[in-house]
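Visitor: Just so we're aligned: the sequence shown equals residues 1 to 315 in UniProt numbering.
The beta-carbon is built from N, C-alpha and C at its ideal position, and this holds for glycine as well.
Quick one: the structure is below, and I'll ask about it shortly.
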Amino acid sequence: MEDGAKALFKPMRFPREVETLPNHFYFTDFERHVSEIASFHLDKILGFRRTPPCVGRKVNISEEFYPLVEPELHKTFFISPAGNVCFHGQCTYYCDTSHAICGNPHMLEGSLSIWLPPRNILERKPIKSPWRRSYNKRRKASWETDNYYCINQVKVNPPYNHGRRIYDLMDLAIFDYLTGNMDRHHYDEVFTFGNDSALIHLDHGRGFGRHSNDELTNILPLLQCCIIRLSTFNRLFSFHVGPKRLSDLMRESMAKDPVAPVLTEAHLKALDRRVGKILDCIRSCIKVNGPAGVLLDDVLDFPYYLNQTIKIFPD
1 MEDGAKALFK PMRFPREVET LPNHFYFTDF ERHVSEIASF HLDKILGFRR TPPCVGRKVN
61 ISEEFYPLVE PELHKTFFIS PAGNVCFHGQ CTYYCDTSHA ICGNPHMLEG SLSIWLPPRN
121 ILERKPIKSP WRRSYNKRRK ASWETDNYYC INQVKVNPPY NHGRRIYDLM DLAIFDYLTG
181 NMDRHHYDEV FTFGNDSALI HLDHGRGFGR HSNDELTNIL PLLQCCIIRL STFNRLFSFH
241 VGPKRLSDLM RESMAKDPVA PVLTEAHLKA LDRRVGKILD CIRSCIKVNG PAGVLLDDVL
301 DFPYYLNQTI KIFPD
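Listed below in C-alpha cells is the structure:
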C-alpha cells in the first residue's frame, strides 16, 4: 500500500459450496478465503475483537498482481487450457501447476486481511497452544485422550495458573468450535502488555469446511476445564433466546461484503446448532460444579481466580 501498510490476500481455490472431503486430515485441507472473512465477523459479534479486520475482494490478476510480484515469480504465471490466467507462486506445499490458482479469466475472488505492524512497533510472539494437535496421521495429542489434561497439565502451570490467559483460551476454543477450525496450533500474545493482554487470533483459513460436522475435539478445552467468562456465556445465551440468533447476526453483518454471500445457509444454520451444544456443555459443568465454580463474573469486574478443585466434566 502507498503508506507502507501490508495486507494478506488469500485466494478462492474452490466455490464456497464445496466441503472438506471426509477422508482429508485437518492439516492437508485447502484454506478458504470465506472462512477468513466470516471469522472476522464472528469475532466481532462475539465481542472478542481479537481478529484483524478482513474483507472480501475481487482482484485482476494481470493488472493488480503480475506487475507487483518479484521478477522470479513471473514464470509461475500462465494461461490455462480454458483461457484463464493462473499462477502458483513459490512455497512449500501446493505451489505447482496442478495446484495453481486461476482467475475467471482475469478476475480472482479472495479475502484481504490487515497485516499486523512489524515487531519493532507491535512487539508480539506466537505461543504454542496447550491444546495443539499432533499433526500426525497415526497418533492423537495427549489432551485428546486425557480428560484430566486441563487440571493436571494446563491450569497448574504459568501463564495459565493466574490472570486472564486460561479464560482467553476458553473463548478461543468456543470460537474454533463455532467455525470448525481444527488448525489452531498457536496463538499470538502482544508481548508488550504481558499476561494481562488479550490474545490475537490469526489464521482462520481452515474453518467452515463442513457444515454437517460439529467437531467435538474443538470444545474439549471447555469440557475439561469447565470454566468460562460470564460475559461470554451471556453472549452465547443471547444468541439462543433471541430476538436474533447468531445466524441472523452473521448474515446481516456480512451482507455488505464485496463477495457476499460469504457463507452458505447451511453453514449459518450450523452456527445456531453449535451454540446450543456449547450451552449444553456449560449446563453440564454447572450441574456438577455449581455456577460459582464455572462462571467468572467479569461483568462486575471481579478479579480473576482459578478454582483448582473443579471436578472433571462427566462423560
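Relative to the C-alpha of Y177, which residue among L199, E17, D146 and H211 is closest?
Guide: In the sequence shown, counting from the first residue as 1, residue 177 sits at position 177. When only C-alpha atoms are compared, the closest one is H211.
Visitor: Tell me, which residues are paired with F87 by DSSP?
Guide: Taking the sequence shown and counting its residues from 1, the one referred to as residue 87 is at position 87. The partner list for F87 (beta bridge, DSSP) reads F77 and I101.
Visitor: Specify whether the stretch 230-242 and the stretch 140-155 touch according to this definition: at least 3 beta carbon pairs, one from each stretch, less than 8 Å apart.
Guide: These segments do not touch.
Visitor: Below 7 Å CB to CB, which residues in the same chain sit around S247 once its five sequence neighbours on both sides are set aside?
Guide: Numbered from its first residue, the sequence shown carries residue 247 at position 247. Here the set comprises L268, K269, L271 and D272.
Visitor: Around the Cβ of S80, are there at least 16 other Cβ atoms within 10 angstroms (buried) or fewer (exposed)?
Guide: By 1-based counting over the sequence shown, the position of residue 80 is 80. Burial call: exposed.
Visitor: Grab the span of the beta strand (DSSP E) containing K128 for me, first residue to last.
Guide: In the sequence shown, residue 128 corresponds to position 128, counting from 1. It spans K125 to K128 - the beta strand (DSSP E) in which K128 sits, taken as one unbroken run.
Visitor: Can you find a CB in chain B that lies within less than 9 Å of the CB of D176?
Guide: Here there is only one protein chain, and chain B is not present.
Visitor: Between which two residues does the beta strand (DSSP E) holding R57 run?
Guide: As a position in the sequence shown, residue 57 is number 57, starting the count at 1. Unbroken beta strand (DSSP E) run through R57: C54 to N60.
Visitor: On the three-state DSSP scale, how would you describe H41?
Guide: Numbered from 1 along the sequence shown, position 41 holds the residue referred to as residue 41. H41 falls in the helix class under three-state DSSP.
Visitor: Can you check the stretch 121-188 for any beta strand (DSSP E) of at least 3 residues that lies completely inside it and give the ranges in chain order?
Guide: Correct list: 125-128.
Visitor: Within 10 Å of its beta-carbon, does A260 have 16 or more other beta-carbons around it, so buried, or fewer, so exposed?
Guide: As a first step, residue 260 must be located in the sequence shown, where it is residue number 260. It is exposed - the Cβ of A260 has fewer than 16 other Cβ atoms within 10 Å.
Visitor: Flag this pair as touching only if the stretch 39-59 and the stretch 123-143 have three or more C-beta atom pairs under 8 Å; answer yes or no.
Guide: The stretch 39-59 vs the stretch 123-143: no contact.
Visitor: Which residue comes first and which comes last in the alpha helix (DSSP H) that contains L223?
Guide: Here residue 223 refers to the residue found at position 223 of the sequence shown. Taken as a continuous stretch (DSSP letters only), the alpha helix (DSSP H) holding L223 covers L220 to C225.
Visitor: Under a three-way DSSP split, which group does M12 fall into?
Guide: Counting from 1 along the sequence shown, the entry for residue 12 is found at position 12. Correct three-state label for M12: coil.
Visitor: I'd like to confirm something about E265: is its beta-carbon nearer than 8 Å to some heavy atom of the ligand GDP, or not?
Guide: The ligand GDP is not among the ligands present in this structure, which contains no ligands whatsoever.
Visitor: Which value, in whole angstroms, describes the spacing of the CA atoms of R124 and A198?
Guide: Stepping through the sequence shown from its first residue, residue 124 is reached at position 124. Stepping through the sequence shown from its first residue, residue 198 is reached at position 198. If I take the Cα positions, the gap works out to 12 Å.
Visitor: Return the chain-ordered list of same chain residues with a C-beta closer than 6 Å to the C-beta of N307, the five sequence neighbours on each side being excluded.
Guide: Residue numbering aside, residue 307 sits at position 307 when the sequence shown is read from its first letter. Reliability of the predicted coordinates at N307 is poor, the pLDDT of 46 falling under 50, and the value obtained from them is presented with this limitation in mind. Correct list, in chain order: G293.
Visitor: Determine whether the beta carbon atoms of P258 and R57 lie at a separation below 9 Å.
Guide: Residue numbering aside, residue 258 sits at position 258 when the sequence shown is read from its first letter. Residue numbering aside, residue 57 sits at position 57 when the sequence shown is read from its first letter. Against a cut-off of 9 Å, the Cβ pair of R57 and P258 comes out as a contact.
Visitor: State the DSSP-derived secondary structure class of R283, mapped to helix, strand or coil.
Guide: Here residue 283 is taken as the residue at index 283 of the sequence shown, counted from 1. R283 falls in the helix class under three-state DSSP.
Visitor: Just to confirm the assignment, what range does the beta strand (DSSP E) spanning L112 have?
Guide: Along the sequence shown, read from residue 1 onward, the residue named residue 112 stands at position 112. Per DSSP, L112 belongs to the beta strand (DSSP E) from M107 to I114.
Visitor: Would you call C281 buried or exposed, if buried means 16 or more other Cβ atoms sit within 10 Å of its Cβ?
Guide: Here residue 281 corresponds to residue number 281 of the sequence shown, with the count starting at 1. Burial call: buried.
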